[in-house]
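Per the numbering used here, the very first residue in the sequence shown carries number 776; after that it's consecutive.
Ideal Cβ placement from N, Cα and C applies to all residues, glycine included.
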Amino acid sequence: MRDKPTIYIRTLLFLTDILLLNFSILLSYYFRFDSLDGLYESKYLILVAYLNVVWVVLVLLYSPYKISRSEPLTKILRKHFTLIIIQLLLTTAFFVFQKTTYYSRLHLLGSYLTFSTLVMVFRLVFFILLEAYRKKGFNIRNVVVIGYGELSEELNSFFISHPEQGYRMHGFFDKNPNSNALGTFPDIIPYLDKNDIDEIYCCLPYVRYSLIKKLIDFGEDNLIKVKLIADFRGFSFKGLELERYDHIPVLNITSIPLDDKKNRMVKRGFDIAFSSMVIFFVLSWLLPLIALLIKLDSRGPVFFRQIRGGKDNRHFQCLKFRTMIVNNEADSKQATKNDPRITRVGGFLRKTSLDEVPQFINVLLGHMSIIGPRPHPVKLNEEYSTQISKFMARHFVKPGITGLAQAKGYRGETSTVISMKNRVKFDRFYIENWSLFLDIKIIFLTILSLIKGDENAY
């Protein structure tokens, strides 16, 4: 009998998460109030119910338990951590909507710290044990490969070198008699009838369409999954998306995570929540203070507005605190070390990156994101787009107040093509590998960089 424990694994993970969530709520409440008595009051029951309902809805929307055998453990952990962050944001919105001080913030913080730790530890232990279980020969998927060649040999090598993923390779079938194969194409159906096969891999370069269709029909009648392998090894791409033009399937090899509507909603929600807090708690009192210092230091406006390239290279007005004397080269000449145009207050603002704070308004307006490639002046884009390959790919997403390149030290003046190439390399990595977890990581890296100081901040 074919081993199909997938549904049991998903159910186990879901039920465990619900238990860990409620256990975390109870444990945190007990440590906060030294008793569980008040937890059963109606208002706290509403909070508990809300947290459970939000988690169930997020599970239905994002399907975090739909995990491929080949999916790295780090990606699985990031996926669940992202889900917890989204739930925390929605819970914060609940607090704002309720306009209440009844619930303990410490209790909520303790609940999420406990829940996120328990979930991550459970996932880690569970999947390590699952991989060990598969290495022992259990939870195995029996597979055959149709078409023999370099591509199918590489697939076989993958199965052999990754026993923890639980694939048992039976062999190949080839068009012509081959000593390395189980047989030729006419032998496939009889072999499948006699053996317990779970998956069929068809290597498209070596197999005719008519045979693939026949195997798909056979697989549907016999509960065998059929997978198609195209040879894209010579292409450099991170994303792959199947699109449909009526009945015609089309592979999009330039797909990025933020092409997905749900991912864009998550990122936009995070941007709105984060920028609103900064504007309300920081910019509300910092803006008049810095505005006064700028006015006392030099003549000119408080804000410096510059046209920069945004998503899809659409232009927008990027806001900064003015750090230079009013000059005619602001749009054409980058700031350099010991630049005589920089004012005394401006030098401090640049060193501490406080000159960028007004861009949280750009974020709230939708021109920018908290994290993303830094927006360049239009002239700089025009200059480097002809010198650096795939430079304009930075504009697939919204520009950011900070980004991976800046967190890694590539900030400020880009005086050489090499320094700009390195910045673009990090920007493209970010775009191709975006996740909410990566955004949060970049925020922490940026804060650490500001604390340590940066010699390029001038």
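Cβ-Cβ separation, residue j to residue i (assumed contact under 8 angstroms), whole Å
i	j	result
residue 1086	residue 1172	6 angstroms
residue 975	residue 999	6 angstroms
residue 889	residue 799	4 angstroms
residue 1211	residue 1053	Contact flag wrong, Cβ pair sits at about 18 angstroms.
residue 967	residue 934	Residue 967 to residue 934, Cβ: 18 angstroms. No contact.
Residues bridged to residue i (per DSSP)
i	result
residue 1175	1144
residue 944	918
residue 1052	Per DSSP, none; premise fails for residue 1052.
residue 1017	1026
residue 868	Per DSSP, none; premise fails for residue 868.
residue 959	949
For residue i, the three-state DSSP class (helix, strand or coil)
i	result
residue 1066	helix
residue 1117	strand
residue 1086	helix
residue 982	coil
residue 1181	helix
residue 1101	coil
residue 877	coil
residue 816	coil
residue 1109	coil
residue 1007	coil
residue 837	helix
residue 1161	coil
residue 1001	strand
residue 1080	strand
residue 1152	strand
residue 1035	coil
residue 974	strand
residue 996	helix
residue 1220	helix
residue 1096	strand
residue 789	helix
residue 778	With a pLDDT of 45 at residue 778, under the threshold of 50, the modelled position of this residue cannot be trusted, and the question is left open.
residue 809	coil
residue 1044	helix
residue 1213	helix
residue 1091	strand
residue 846	coil
residue 1075	coil
residue 1197	helix
residue 857	helix
Proximity of residue i and residue j at Cβ, strictly below 8 angstroms
i	j	result
residue 894	residue 860	no
residue 1148	residue 1174	yes
residue 986	residue 960	yes
residue 1184	residue 1202	no
residue 865	residue 887	no
residue 1073	residue 1100	yes
residue 1069	residue 1096	yes
residue 1180	residue 1198	yes
residue 939	residue 909	yes
residue 1098	residue 1125	yes
residue 1078	residue 1214	no
residue 944	residue 982	no
residue 898	residue 842	no
residue 1170	residue 1075	no
residue 1176	residue 1138	yes
residue 1132	residue 1061	yes
residue 1033	residue 1005	no
Nearest-angstrom Cα separation, counted from residue j out to residue i
i	j	result
residue 914	residue 973	11 angstroms
residue 789	residue 1205	30 angstroms
residue 1082	residue 867	35 angstroms
residue 796	residue 952	58 angstroms
residue 1127	residue 1059	18 angstroms
residue 1209	residue 855	15 angstroms
residue 1130	residue 826	39 angstroms
residue 927	residue 964	19 angstroms
residue 820	residue 814	7 angstroms
residue 920	residue 977	6 angstroms
residue 956	residue 949	6 angstroms
residue 891	residue 811	21 angstroms
residue 1192	residue 1103	25 angstroms
residue 1227	residue 1221	10 angstroms
residue 931	residue 1028	24 angstroms
residue 1031	residue 1167	15 angstroms
residue 809	residue 823	18 angstroms
residue 1122	residue 1093	19 angstroms
residue 1161	residue 838	42 angstroms
residue 942	residue 1112	58 angstroms
residue 776	residue 971	Any reading at residue 776 must be qualified, since the residue scores a pLDDT of 39, below 50, and its modelled position is unreliable; the value itself is stated next. Distance between the alpha carbons of residue 776 and residue 971 is about 8 angstroms.
residue 846	residue 997	26 angstroms
residue 801	residue 818	15 angstroms
Chain D contact for residue i (CB, 8 angstroms cutoff)
i	result
residue 1090	Although the question refers to chain D, the structure presented lacks it and comprises just one protein chain.
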